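Written out below as structure tokens is the structure these notes cover.
Number of protein chains: 4
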Amino acid sequence: MIIIMHSHVTDEEVRSVEVKLESLGLQAHVSRGVERTIVGAIGDERKIQKETLQALPGVEDVIRVVKPYKIVAREWHEADTVINIKGVPLGGKTIQVIGGPCSVETQTQMDLSAQGVTQAGCRLMRGGAFKPRTSPYAFQGKGVEGLDMFRKAADKYRLPIVTELMDVRMLDTFLEHQVDMIQIGTRNMQNFDLLKEVGKIHTPVILKRGLCATVSEWLMSAEYIAAGGNHNIILCERGVRSFETAYRNMLDVTAIPWLKKETHLPVIVDPSHAGGKAWLVSALSKAAIAAGADGLLVEMHPTPCEAWCDADQALTPEELTALVNELRPLAQALGREL
Amino acid sequence: MIIIMHSHVTDEEVRSVEVKLESLGLQAHVSRGVERTIVGAIGDERKIQKETLQALPGVEDVIRVVKPYKIVAREWHEADTVINIKGVPLGGKTIQVIGGPCSVETQTQMDLSAQGVTQAGCRLMRGGAFKPRTSPYAFQGKGVEGLDMFRKAADKYRLPIVTELMDVRMLDTFLEHQVDMIQIGTRNMQNFDLLKEVGKIHTPVILKRGLCATVSEWLMSAEYIAAGGNHNIILCERGVRSFETAYRNMLDVTAIPWLKKETHLPVIVDPSHAGGKAWLVSALSKAAIAAGADGLLVEMHPTPCEAWCDADQALTPEELTALVNELRPLAQALGREL
Amino acid sequence: MIIIMHSHVTDEEVRSVEVKLESLGLQAHVSRGVERTIVGAIGDERKIQKETLQALPGVEDVIRVVKPYKIVAREWHEADTVINIKGVPLGGKTIQVIGGPCSVETQTQMDLSAQGVTQAGCRLMRGGAFKPRTSPYAFQGKGVEGLDMFRKAADKYRLPIVTELMDVRMLDTFLEHQVDMIQIGTRNMQNFDLLKEVGKIHTPVILKRGLCATVSEWLMSAEYIAAGGNHNIILCERGVRSFETAYRNMLDVTAIPWLKKETHLPVIVDPSHAGGKAWLVSALSKAAIAAGADGLLVEMHPTPCEAWCDADQALTPEELTALVNELRPLAQALGREL
Amino acid sequence: MIIIMHSHVTDEEVRSVEVKLESLGLQAHVSRGVERTIVGAIGDERKIQKETLQALPGVEDVIRVVKPYKIVAREWHEADTVINIKGVPLGGKTIQVIGGPCSVETQTQMDLSAQGVTQAGCRLMRGGAFKPRTSPYAFQGKGVEGLDMFRKAADKYRLPIVTELMDVRMLDTFLEHQVDMIQIGTRNMQNFDLLKEVGKIHTPVILKRGLCATVSEWLMSAEYIAAGGNHNIILCERGVRSFETAYRNMLDVTAIPWLKKETHLPVIVDPSHAGGKAWLVSALSKAAIAAGADGLLVEMHPTPCEAWCDADQALTPEELTALVNELRPLAQALGREL
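Chains as they are written, first to last, in numbering that gives the first Met the number 0: chain A, 0 to 337; chain B, 0 to 337; chain C, 0 to 337; chain D, 0 to 337.
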């Protein structure tokens, strides 16, 4: 940690920073420059809060030198993590496309969805039984009944499933339904009690990025899960909030190579929520793969126009098949497979 | 709801929009302009999702005409809501300053805090027993033990208390401790299960704005609580995330008059988290009051430099007293009192 | 244009909107819904300002139905525009990589750059003689002397050149130096006098997106140039400002398919300024191409560590060659060439 | 400047940073911590670019210690700057409200405006003869004819005038018309050639903040003007771009106390452009004054509904008078006058 002192700092103020650092178990190292005096803190800075030092008189700024995350950092774990989801690997050479509807509606819809997902060549299926909706008057999901339908449809096609957990009290139900991968949604990326709970189990977790979370905060949320003991974490970029109003969110494609450098965890992208329109899915999917993503989370519905939510962003089963076929040569050109 | 069709729309496409609207119980009203055809939907549009229509062929855009919130809207409830917190009114002519530390640390710290809050002339006290922290390695709050300490300190000075609820499973404990006002934090503004739970009780709720929530989304979260039956809601602006790095958040002062026009609920401001620095609190507090806020949530600590979190943004008891004294003439100049 | 009236609107207020519309040469079309009355304006709304109507009593909101841009809109010009830059086509099947240093420094540096660009297989060269710098104390570019050096180096390799114009007074000098493509930088996207001047000539113009310009504002700036008579416009996405601090800007990859749908103009991407780091250039370039970009603007310097500006984002000549070689199979997989 | 090295840095890499620093005239000071090695650079870092060091192998991050601005910094000039605009002081104890229309339309409109401004008790007048408009098809201002009308109207009431300069080629015309204060608009905050030109004269300059400029970039633009020799600079906050769509811009009220701490220059606020609505002007004006602003730039039009631009944000003359009367007691409560 580096402490930058004000230009008119007194010797006494510098001394009190030294004393504080020492009381925190760090060594102080004072360096007097032409316009500023700087104090370097030597030791494990992860245990210290910036604010504690920032509050001292004479301190202008405090800068961290070490990254705040450790278990999820590539710095301490060089090899890519490959996660095994009931036999389907995520994070290695093969790019995985996870397809399925926004929300579980009926058994028929789920059966047709599972069929569509399989026919497109996807190996994992998504679908929401519990839906986070901006409005209390909107459809909130089929709940446990939806989990049943989803499980039944997926089992027919031997597809591992991923679905969103919003409430800690539902975790046992998820485990009973053998949900193969638990999604933590955008709005819960910093629901720390929920993160702690999924940190205690071993089911793989897809952690979506918060609407305006920095990549560092996102990795810290992953660190919460990892610190609990669950290292089966997949990061999912799904677009962030911006000033642009022409599309729902702004897909942060730069986050992909940045994450691949900073962490060993797999990174996937949700082009459906990012763009918010079916016609944008193809271009965004290609961009994601080209930038290095390990997979995609794509919305598909047997009859999009009749979907109970996000109707305008779901692909038809035929469009999903076409997408996968478009992505295959791209993956090959990038030295991967799909 | 207004449906704008593409420039090259066909009669058949227009017809299918009409059919869809009618199937949803609305009347369609087609208007052909020079460059665009428009379909107006007459009826209660709150029940319909934009996306359902947006997915239809030939549709370019769908625009809502009616606001999505109802119970919290001033349109349907003209008078200001004044909330009674154990005898202290919030939302009327009197501006309330809620003071107290970021987090509960020790009994002595809480006793000194309660004393400082009282001496400054504040009538409500804040303090966190459960802390949402970006890092799993940071101090997570004293938990239930902290609630005990807080209750004890506040009772000595007959101060109603407000503290943050993060986990639905702790609600009963909050009720047992007779927490007088429950805070829903920034990161939980769209934790819908939590909103539903506090909607079932009658304890006043401070709903903080999400880090990048629009004012409309924020009111929709308030609507969640109100729809459950709890109308004792206070909105708290605490700065939003922006591109600016010179201060922690950007206080959105425009939200204050906008909310006062759109909703009958009281609006307060947290200048401590907004600016992130003690030296900014005075200017931001004045700006908030001048813009029409009904109260402030201000961090104060008996010895800020030793605070266990956010040390650099807490005022000393003396500074809190000075702040209240500065705000009093301002309130009077605005026709209010403090 | 659609005018949404307040819920408690009076007949007189509706009437005054009708009168206003008629005075502006449009027809009014009133539609009374359950909760809101709406007035549709039929005629050419491009001539009218929203604000004129918004200021009328009883008006809640005014919504445009027609897009504000016309010459640059694909709606009125379906085929892709291909721009001929001294024989090099931009906007068709072939993807163009424009390489070169951030700024012109010396004749040797430019000669080596031109050589590197050619050897990498690029057909167009970039380089800045006039540099927009945040600080008045930073290197401001070599100016006219720099243009001379650039021209000389590029001519040796028969490379058409692109360089940034910041000041209207330098336009004649640019024309004398036969600059083949003029770049309008991020900070000047809404320097309307500059746009009007380059609208009067026929030299192709690269119009970079403003730091936080919406895609619609960007197209309106292109419309300024087009309205003057110069239709040789290339749009360049270079990352926008966001809350994220881990990388310089956030590349808005969604803008690429959006623009390809809305306009017939070519779209290129500057991965060097977007990411701000040499190691990000490859991933961002691939993402841009995959999303449908027609070209790239890539910084290359014979010895990046010695570059006088943006040293950390320039590729070496070898890295540029490697990049082009990486992009070639990708272009093919996408049905294009490079 | 502080250079943070990668965790696996080699001695050779550290050495090459030392050599580079020495070649730039700075002293290097190496400090080896537990997880990171840090190099401090002692000397005048303003002459060095971060990027030059960032490009060196083994370097993870480079942090500036000294602020990049000097002439405008309060660090080197403690007393508030008070600017004399033809006898009217801006920046001292008295708060100045600058009133007038968005754009000059007719002589009658300007005469009535000048009358309204005077009657409201304002001492300075604003009005635009050259208008920066998003659309090439919108009214672009009356130009030189507008300057004539403005001068004539203002002279009748002895009001110093402020008007926007967009094009360097018009500067002489502005000087001939004795424009008393030149406004540099939002879109030109980083039009460096324009900044350099107004730096050569002594007419006071109002420098508006760019739409998404950081406060540091803004001060750097002021530094451009100051470096040229013109120290008569007034900073004008006018709202920044954000994700919020309910109001035009987000007034950054935190910038006011931040600037008052960082610079000795006067700071004013434009509540009209910030909120974009006449009904928001009063609350935003009060917030600005309460936060410490030295003045306001308020749009007023004799008949707002007929204004040629921004009709919905202009106050009537009566509303301007009412605003000034509302602000007076507030100013007094804050120890200032108006």
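By construction, the Cβ of each residue, glycine as well, lies at the ideal position given by its N, Cα and C atoms. Values in this document were obtained by computation on a predicted structure and should not be read as measured data.
Item checked: CA nearest to the CA of residue 262(C), picked from 207(C), 174(C), 204(C), 77(C) -> Nearest C-alpha to residue 262(C): 77(C).
Item checked: Min CB distance residue 219(A) to chain B below 7 Å -> Using a CB distance cut-off of 7 Å, residue 219(A) counts as an interface residue toward chain B.
Notebook entry, point to check: Closer than 7 Å, Cβ to any Cβ of chain C: which residues of the region 195–222 of chain A, in chain order?
Noted result: Using a CB distance below 7 Å, the part of the region 195–222 of chain A facing chain C consists of 211, 213, 214, 215, ordered along the chain.
Notebook entry, point to check: Measuring CA to CA, which of 151(C), 128(C), 111(C), 154(C) is closest to residue 303(C)?
Noted result: Of the listed residues, the one whose Cα sits closest to residue 303(C) is 111(C).
Next item on the list: With residue 81(C) as the anchor, note down where its alpha helix (DSSP H) starts and where it stops.
Entry: Unbroken run through residue 81(C): none, as it is neither H nor E.
Margin query: Looking at the ligand NAP, does it come within less than 6 Å of residue 89(A), judged from the CB to the closest heavy atom?
Written below: Of the ligands one can find in the structure shown there are none, so the ligand NAP has no counterpart to examine.
Check: With C-beta atoms as the reference, is residue 225(A) less than 7 Å away from residue 70(A)?
Finding: Yes, they are a contact pair.
Note to self: Does the region 83–92 of chain B come into contact with the region 276–292 of chain B, if we say contact requires no fewer than three beta-carbon pairs (one atom in each stretch) closer than 8 Å?
What the structure shows: Contact between the region 83–92 of chain B and the region 276–292 of chain B is absent, with fewer than three C-beta pairs closer than 8 Å.
Note to self: Could you give the first and the last residue of the continuous beta strand (DSSP E) run that contains residue 305(A)?
What the structure shows: Premise fails: residue 305(A) is in no beta strand (DSSP E) and is neither H nor E.
Next item on the list: Measure the C-alpha to C-alpha separation of residue 123(C) and residue 199(D) and round it to an integer number of angstroms.
Entry: Near 38 Å, if we compare the C-alpha coordinates of residue 199(D) and residue 123(C).
Next item on the list: Look up residue 382(B) in the DSSP assignment and give the residues it is bridged to.
Entry: Nothing about residue 382(B) can be reported from this structure: the residues present for chain B run from 0 to 337 only.
Next item on the list: Mind reading off the beta-carbon distance from residue 167(C) to residue 147(D)? Whole number of angstroms is fine, and I expect it under 8 Å.
Entry: Residue 147(D) and residue 167(C) do not touch by the CB rule: their CB atoms are close to 23 Å apart, not below 8 Å.
Checklist line | residue 26(A) classed as buried or exposed, judged by whether at least 16 other C-beta atoms fall within 10 angstroms | finding: Under the 10 Å beta carbon count, residue 26(A) is surrounded by fewer than 16 other beta carbons and is classified as exposed.
Notebook entry, point to check: Does residue 64(D) come within less than 7 Å of chain G when only Cβ atoms are used?
Noted result: Absent from the structure is chain G; the protein chains it does hold are A, B, C and D.
Next item on the list: Report the option in 150(B), 208(B), 128(B), 151(B) whose CA atom is closest to the CA atom of residue 140(B).
Entry: Ranking the options by Cα distance to residue 140(B), first place goes to 128(B).
Margin query: Under DSSP, the alpha helix (DSSP H) around residue 338(A) begins and ends at which residues?
Written below: This structure does not reach residue 338(A), given that chain A is present from 0 up to 337, and the question cannot be answered.
Margin query: Please classify residue 28(B) as buried or exposed, where buried requires at least 16 neighbouring CB atoms within 10 angstroms.
Written below: Residue 28(B) is classed as buried because its beta carbon has at least 16 other beta carbons within 10 Å across all chains shown.
Notebook entry, point to check: Excluding five sequence neighbours on each side, which residues of the same chain lie with their C-beta closer than 6 Å to the C-beta of residue 342(C)?
Noted result: Here chain C covers residues 0 to 337 and nothing more, so residue 342(C) does not appear.
Check: Which residues in chain C sit within 7 Å of residue 30(B), going by Cβ to Cβ distance?
Finding: Within 7 Å of the CB of residue 30(B), the CB atoms of chain C belong to 28, 39, in sequence order along the chain.
Notebook entry, point to check: Between residue 24(A) and residue 293(A), is the Cβ-Cβ spacing less than 7 Å?
Noted result: In this structure, the beta-carbon distance from residue 24(A) to residue 293(A) does not fall below 7 Å.
Note to self: Quick check: is the beta carbon of residue 344(A) nearer than 7 Å to any beta carbon in chain C?
What the structure shows: A query on residue 344(A) cannot be resolved here, the shown segment of chain A reaching from 0 to 337 and no further.
Notebook entry, point to check: residue 209(B): which of 272(B), 227(B), 42(B), 153(B) sits nearest, CA to CA?
Noted result: Of the candidates 272(B), 227(B), 42(B), 153(B), the one whose C-alpha sits nearest the C-alpha of residue 209(B) is 272(B).
Notebook entry, point to check: Do the CB positions of residue 250(C) and residue 277(C) come within less than 7 Å of each other?
Noted result: Cβ atoms of residue 250(C) and residue 277(C): not closer than 7 Å.
Notebook entry, point to check: Cβ atoms of residue 291(D) and residue 282(B): under 7 Å apart, would you say?
Noted result: A distance below 7 Å separates the beta carbons of residue 282(B) and residue 291(D).
Note to self: With a threshold of 7 Å between beta carbons, is residue 22(A) in contact with chain D?
What the structure shows: Chain D contact via Cβ: absent.
Next item on the list: Spatial neighbours of residue 358(B) within its chain, please: CB distance less than 7 Å, with the 5 preceding and 5 following residues excluded, ordered by chain position.
Entry: Coverage of chain B is limited to positions 0 through 337, which leaves residue 358(B) absent and any answer about it impossible.
Notebook entry, point to check: Helix, strand or coil for residue 184(C) per DSSP?
Noted result: Three-state DSSP puts residue 184(C) in coil, outside helix and strand.
Item checked: Alpha-carbon to alpha-carbon, residue 53(C) and residue 231(B) -> Computed Cα separation, rounded: 34 Å.
Check: Can you tell which of 45(B), 51(B), 95(B) has its C-alpha closest to the C-alpha of residue 330(B)?
Finding: The candidate whose alpha carbon is nearest that of residue 330(B) is 95(B).
Next item on the list: Give the DSSP-derived three-state secondary structure of residue 327(A) in the structure shown.
Entry: Looking at residue 327(A) - three-state DSSP - the assignment turns out to be helix.
Checklist line | Whether residue 254(B) touches residue 214(B) by CB criterion (7 Å) | finding: Yes, these two residues count as a Cβ contact at 7 Å.
Item checked: Contacts of residue 1(D) in chain A (Cβ-Cβ under 8 Å) -> Within 8 Å Cβ-Cβ: 1, 37, 62.
Notebook entry, point to check: Within the 7 Å Cβ cut-off, does residue 328(A) reach chain C?
Noted result: With respect to chain C, the C-beta atom of residue 328(A) has a partner C-beta closer than 7 Å.
Notebook entry, point to check: Do residue 279(B) and residue 256(D) have their C-beta atoms within less than 7 Å of each other?
Noted result: Contact: yes.
Next item on the list: Report the three-state DSSP secondary structure of residue 260(C) (helix, strand or coil).
Entry: Under the three-state reduction of DSSP, residue 260(C) is assigned to helix.
Next item on the list: To the nearest angstrom, report how far apart residue 216(C) and residue 245(A) are at their CA atoms.
Entry: Straight through space, the alpha carbons of residue 245(A) and residue 216(C) are spaced by roughly 11 Å.
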